[in-house]
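**Q**
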Amino acid sequence: MPALDVAGEFETIERLLRPLAHPEWGRGLADDVAVLPSRPGYDLVLTKDAIVEGVHFLPDDPLDTVAKKLLRVNLSDLAAKGAEPFGYLLACFWSERCGWPEREAFAAGLAEDQAKFGVHLLGGDTVRTSGPASFSLTAMGWAPTGATVSRAGAQVGDLVFVTGVIGDGLLGLKAARGELSLEPERLQALMDHYRTPTPRVDFADVIRNFATASVDVSDGLPADLGHVVRASNVGLALNLNVLPLSAAAQAWFDDRVDPQLSLEDLASGGDDYEIAFTAHPRHEETLRREAERRLLRLTKVGEVTSGSGLTVVYDGQPIQMARSGWTHG
Ligand SMILES: Nc1ncnc2c1ncn2[C@@H]1O[C@H](COP(=O)(O)OP(=O)(O)O)[C@@H](O)[C@H]1O
Ligand SMILES: Cc1ncc(C[n+]2csc(CCOP(=O)(O)OP(=O)(O)O)c2C)c(N)n1
Ligand SMILES: [Mg+2]
Ligand SMILES: [Mg+2]
Ligand SMILES: [Mg+2]
Numbered sequence: 001m002p003a004l005d006v007a008g009e010f011e012t013i014e015r016l017l018r019p020l021a022h023p024e025w026g027r028g029l030a031d032d033v034a035v036l037p038s039r040p041g042y043d044l045v046l047t048k049d050a051i052v053e054g055v056h057f058l059p060d061d062p063l064d065t066v067a068k069k070l071l072r073v074n075l076s077d078l079a080a081k082g083a084e085p086f087g088y089l090l091a092c093f094w095s096e097r098c099g100w101p102e103r104e105a106f107a108a109g110l111a112e113d114q115a116k117f118g119v120h121l122l123g124g125d126t127v128r129t130s131g132p133a134s135f136s137l138t139a140m141g142w143a144p145t146g147a148t149v150s151r152a153g154a155q156v157g158d159l160v161f162v163t164g165v166i167g168d169g170l171l172g173l174k175a176a177r178g179e180l181s182l183e184p185e186r187l188q189a190l191m192d193h194y195r196t197p198t199p200r201v202d203f204a205d206v207i208r209n210f211a212t213a214s215v216d217v218s219d220g221l222p223a224d225l226g227h228v229v230r231a232s233n234v235g236l237a238l239n240l241n242v243l244p245l246s247a248a249a250q251a252w253f254d255d256r257v258d259p260q261l262s263l264e265d266l267a268s269g270g271d272d273y274e275i276a277f278t279a280h281p282r283h284e285e286t287l288r289r290e291a292e293r294r295l296l297r298l299t300k301v302g303e304v305t306s307g308s309g310l311t312v313v314y315d316g317q318p319i320q321m322a323r324s325g326w327t328h329g
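According to UniProt numbering, the sequence shown is numbered sequentially starting from 1.
1) Do you know whose CA, among Gly164, Ala154, Lys300 and Gly302, lies nearest Val229's CA?
2) Please go through the stretch 271-318 and give each complete beta strand (DSSP E) segment of 3 or more residues, from N-terminal end onward.
3) In whole angstroms, give me the CA-to-CA distance for Asp168 and Ala267.
4) Select from Ser306, Glu274 and Lys81 the residue whose C-alpha is nearest the C-alpha of Gly146.
5) Helix, strand or coil: how does DSSP classify Gly124 here?
6) Bridge partners for Met140 per DSSP, in chain order?
7) Taking 7 Å as the cut-off, does the CB of residue 362 come closer than this to any heavy atom belonging to ligand 2?
8) Work out the CA separation of Glu14 and Gly26 for me, nearest whole Å.
9) Given Met1, which residues of its chain have a CB within under 7 Å of its CB, disregarding the five upstream and five downstream residues?
10) Alpha carbon to alpha carbon, what distance is there between Phe161 and His227?
11) At a cut-off of 7 Å, is Gly131 close to ligand 2 when judged by its beta-carbon and the heavy atoms of the ligand?
12) Hey, could you find the ends of the alpha helix (DSSP H) residue 333 is sitting in?
13) What residues are listed by DSSP as bridge partners for Leu53?
14) Does the stretch 83-97 come into contact with the stretch 123-142, if we say contact requires no fewer than three beta-carbon pairs (one atom in each stretch) closer than 8 Å?
15) From Asp254 to Val312, what does the alpha carbon distance come to, in whole angstroms?
16) Measuring CB atoms only, is the stretch 237-252 touching the stretch 166-185, in the sense that at least three cross pairs come out at less than 8 Å?
17) Please determine if the stretch 99-107 and the stretch 60-70 are in contact, where contact requires at least 3 C-beta pairs separated by less than 8 Å.
18) Report buried or exposed for Asn241, applying the criterion of at least 16 other Cβ atoms within 10 angstroms of its Cβ.
19) With a cut-off of 8 Å on the beta carbons, I'd call Val217 and Tyr273 a contact; round off their distance for me.
20) On a Cα-Cα basis, can you pick out the residue from Thr305, Val165 and Ala213 that is closest to Leu295?
21) On the criterion of 16 or more Cβ atoms from any shown chain inside 10 Å, does Arg39 qualify as buried, or is it exposed?
22) Among Gly8, Val301 and Glu179, which residue has its Cα nearest to the Cα of Gly316?
23) Count the other C-beta atoms from every protein chain shown that fall within 10 angstroms of the C-beta of Gly118, then say buried if there are 16 or more, exposed otherwise.
24) Assuming Thr190 and Leu137 form a contact by the criterion Cβ under 8 Å, report the distance between their Cβ atoms to the nearest whole angstrom.
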């Protein structure tokens with residue numbers, strides 16, 4: 001048995017990652033591949049997002065929450081498309097700060113979230129780097145054949161909804177950097193959202209059944225709705241005045257001197273990992289009921305119009321936003 005401070009490649013795989021392996025399809029992480037049986041009647045839905053220290057998480061974020069964020073941002077993409085997750089491939093680029101205790105914390109975070117979301121590890125890769133700690137994950141899910149929701153199906157007259165709240169990701173980052181003065185519980189709630197966002201996995205079946213188009217909100221609500229607008233070749237009016245805020249974000253907002261600019265910042269900050277989607281107005285009541293059953297906030301933030309392009313509206317007037325969301329320049 002290697003000493004406890006060992007953080008080598010094979011120790012990491014055997015002692016920390018093997019316990020996370022998919023019981024049927026992971027081959028105990030002791031083979032070159034994972035082999036999955038095909039599933040008649042279903043499509044295999046795949047997505048990959050990487051996270052990098054200094055870009056997606058802070059150098060002093062605990063590694064268990066980094067692992068959870070990595071898994072969750074990917075589960076968010078699957079949920080937005082209406083797919084049910086079952087497994088993932090993982091690549092770890094451990095930096096010098098990732099000794100054995102940090103790797104143990106990372107694996108413990110994954111173990112907790114595997115249980116929470118019903119997924120297992122299928123394989124991956126493990127390397128060491130002199131650069132920033134980085135992690136990449138490929139999430140896999142099933143959706144009934146042909147049922148996956150794209151960005152392209154929005155129809156003129158559809159309503160635009162968003163799950164949960166918008167802006168806590170941005171404020172959580174500010175809070176973690178010590179840039180906000182709010183009550184400690186509020187700061188904690190915001191930091192929790194930044195470090196461990198909640199992917200709307202239990203809303204995936206509703207999206208599958210009722211959404212005409214959907215996207216997960218990672219870059220910023222206007223930026224991500226912009227993808228829907230372009231893919232669907234429609235217009236879309238987004239009403240900033242109804243942006244759903246958490247209690248903590250509301251407390252921050254109430255102290256601002258420029259409400260419009262503050263809402264623009266919250267809307268375009270990103271790191272929300274909510275689902276924005278379009279649906280026919282006849283489904284509004286059902287959507288509200290399904291959200292309520294799941295104790296999930298659901299807000300109608302706009303409508304799909306003829307024409308093309310996203311129009312952001314504040315106090316009934318179209319406005320020009322300085323930036324619509326995060327981009328990796
Ligand atoms: N390096 C890459 N190689 C192949 N496809 C990529 C790469 N980077 C991004 N994409 C694809 O571009 C699209 C948009 O990516 P992204 O903005 O990261 O979307 P998301 O918000 O779904 O994570 C996705 O289909 C994604 O798979
Ligand atoms: C330290 C730090 N600085 C800035 C941010 C803000 N931020 C970085 S990437 C990003 C957008 C989401 O990440 P991305 O890689 O674009 O995910 P994807 O759109 O592919 O899902 C945001 C809001 C952050 N999360 N952490
Ligand atoms: Mg991505
Ligand atoms: Mg994503
Ligand atoms: Mg992005």
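Backbone N, C-alpha and C fix where the C-beta goes; we use that ideal spot for every residue, glycine too.
**A** Straight from the coordinates:
1) Working through the sequence shown from its first residue, we reach residue 229 at position 229. Out of Gly164, Ala154, Lys300 and Gly302, Ala154 has the C-alpha closest to the C-alpha of Val229.
2) 274-279, 298-305 and 309-314
3) Position 168 of the sequence shown, counted from the start, is the residue given in the question as residue 168. Position 267 of the sequence shown, counted from the start, is the residue given in the question as residue 267. Distance between the alpha carbons of Asp168 and Ala267: 10 Å.
4) If you number the sequence shown from 1, residue 146 lands on position 146. Selected option, being the one with the closest Cα: Lys81.
5) Stepping through the sequence shown from its first residue, residue 124 is reached at position 124. Correct three-state label for Gly124: strand.
6) Residue mapping note: residue 140 aligns to position 140 of the sequence shown, counting from 1. Note: Met140 sits in a beta bridge opposite Leu46 and Gly87.
7) Nothing about residue 362 can be read from this structure; the chain reaches only from 1 to 329.
8) For the purposes of this step, residue 26 is taken as residue 26 along the sequence shown, with counting starting at 1. For the purposes of this step, residue 14 is taken as residue 14 along the sequence shown, with counting starting at 1. Each residue's alpha carbon lies about 13 Å from the other.
9) Here residue 1 corresponds to residue number 1 of the sequence shown, with the count starting at 1. Model confidence at Met1 stands at a pLDDT of 43, short of 50, so the residue's coordinates are unreliable; what they give is reported in the following sentence. Cβ neighbours of Met1 beyond the five flanking positions: none.
10) For the purposes of this step, residue 227 is identified with residue 227 of the sequence shown, where counting begins at 1. For the purposes of this step, residue 161 is identified with residue 161 of the sequence shown, where counting begins at 1. Going by the C-alpha atoms only, they are around 15 Å apart.
11) Your numbering for residue 131 matches position 131 in the sequence shown. Result no, Cβ not under 7 Å from ligand 2.
12) Because the chain here runs from 1 to 329, residue 333 falls outside it and cannot be looked at.
13) Here residue 53 refers to the residue found at position 53 of the sequence shown. It is worth fixing the name first, because residue 53 is Glu in this sequence and not Leu. Paired residues: Phe57.
14) yes
15) Walking along the sequence shown from the start, residue 254 turns up at place 254. Walking along the sequence shown from the start, residue 312 turns up at place 312. Take the alpha-carbon of Asp254 and the one of Val312: they are about 21 Å apart.
16) yes
17) yes
18) For the purposes of this step, residue 241 is identified with residue 241 of the sequence shown, where counting begins at 1. Exposed: under 16 other Cβ atoms inside 10 Å.
19) Numbered from 1 along the sequence shown, position 217 holds the residue referred to as residue 217. Numbered from 1 along the sequence shown, position 273 holds the residue referred to as residue 273. With a Cβ gap of about 7 Å, Val217 and Tyr273 count as contacting.
20) Locating residue 295 in the sequence shown gives position 295, where the first residue counts as 1. Nearest of Thr305, Val165 and Ala213 to Leu295, Cα basis: Val165.
21) Counting from one through the sequence shown, the residue named residue 39 turns up at place 39. So Arg39 ends up on the exposed side.
22) The sequence position of residue 316 within the sequence shown is 316, counting from 1. Closest option to Gly316, Cα to Cα, is Val301.
23) Along the sequence shown, read from residue 1 onward, the residue named residue 118 stands at position 118. Counting Cβ neighbours within 10 Å, Gly118 comes out exposed, since fewer than 16 surround it.
24) Counting from one through the sequence shown, the residue named residue 190 turns up at place 190. Counting from one through the sequence shown, the residue named residue 137 turns up at place 137. The question names Thr, but residue 190 in the sequence shown is Leu. For Leu190 against Leu137, the beta-carbon gap comes to about 24 Å, at or over 8 Å, which does not count as contact.
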